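K.L.:
112 is the number of the first residue of the sequence shown in the working numbering; add one for each residue after it. Every residue, glycine too, gets a C-beta built ideally from N, C-alpha and C. Remember, it's a predicted structure, so these values are computed and weren't measured experimentally. Let me give you the structure first, and then I'll get to my questions.
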Amino acid sequence: MNYDEMLHTLEEHHRRIIDGIGKIERHCAASCPGSDQLAKDRQSLTDASLARSKFVSETVVPALLEDADTDLRSALSDLLVALTAKRLMSNAHIAKWTYASIEADWAGYCSGARDIWAMMKTQIERERRALITQLRLRSADKKRASVSRPGEFLGEDA
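Pasting the structure below:
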């Protein structure tokens with residue numbers, strides 16, 4: 112996968128997560144849970160977040176580490192630590208807020224969900240600053256390197 116493809120895929124993961132957060136926010140604007148659709152929307156958001164986490168940790172970060180300097184290595188390490196911490200907090204939230212506990216304490220669920228959304232949005236911003244910036248730089252560098260230099264002709268000696 113090249114840098115442009117990684118960039119597009121990561122942006123799509125972010126879009127799916129933001130859309131998923133929006134759906135849950137709309138549920139929380141209601142006075143009571145719409146349990147069946149809420150369960151589907153929660154699962155979709157969880158799936159989107161897990162897919163993004165896997166893509167970042169298994170594809171994007173390893174690609175960027177290939178020729179990363181010390182500062183970038185440190186930033187990527189910090190990002191992975193934050194990603195892991197976020198995943199643990201999300202898992203705890205999901206485990207705590209079952210169908211029954213949501214029905215019993217709708218306001219409490221929505222309050223907890225707001226904390227998770229803020230954390231997810233912060234993580235996306237962190238990834239935009241660190242990963243998307245690096246992917247754009249590397250993509251541009253690769254494109255510049257592939258352009259013929261003046262005086263060089265394909266298939267001919269200069």
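What does a CB cutoff of less than 6 Å around MET117 pick up in its chain, not counting 5 residues either side in sequence?
P.N.:
Answer for MET117: VAL171, LEU246, listed in chain order.
K.L.:
Taking just the CA atoms, how far does GLU123 sit from ALA229?
P.N.:
If you take the alpha carbons of ALA229 and GLU123, they lie about 19 Å apart.
K.L.:
Please state whether DSSP places TRP208 in a helix, a strand or coil.
P.N.:
In the structure shown, TRP208 sits in coil (DSSP, three-state: anything other than H, G, I, E or B).
K.L.:
Mind checking whether ILE132 and LEU149 have CB atoms under 8 Å apart?
P.N.:
Not in contact: ILE132 and LEU149 (Cβ atoms no closer than 8 Å).
K.L.:
Would you mind sorting MET231 into buried or exposed? The rule is 16 or more other CB atoms within 10 Å of its CB.
P.N.:
Classification of MET231: buried, given that the 10 Å Cβ count is 16 or more.
K.L.:
Can the beta-carbon of TYR220 be found less than 8 Å from the beta-carbon of ILE213?
P.N.:
In contact: TYR220 and ILE213 (Cβ atoms closer than 8 Å).
K.L.:
State yes or no: is the C-beta of TYR114 within less than 8 Å of the C-beta of LYS253?
P.N.:
Contact: yes.
K.L.:
Scan the segment 229 to 260 and note each continuous alpha helix (DSSP H) run of 4 residues or more that stays entirely inside, going in chain order.
P.N.:
With a minimum length of 4 residues, the continuous alpha helix (DSSP H) runs that stay inside the segment 229 to 260 are 244 to 257.
K.L.:
So, ARG163 versus ILE205, is the Cβ gap smaller than 8 Å?
P.N.:
For ARG163 and ILE205, no; Cβs fall outside 8 Å.
K.L.:
Measuring only the C-alpha atoms, how far is SER211 from ALA193?
P.N.:
A quick correction: the sequence has Ala, not Ser, at residue 211. When rounded, the distance between both Cα atoms is 30 Å.
K.L.:
Nearest-angstrom Cα distance between LEU191 and SER168?
P.N.:
Approximately 7 Å, taken between the alpha carbons.
K.L.:
I'd like to know whether the C-beta atoms of ALA203 and ILE135 end up nearer to each other than 8 Å.
P.N.:
No, Cβ-Cβ distance for ALA203 and ILE135 is not below 8 Å.
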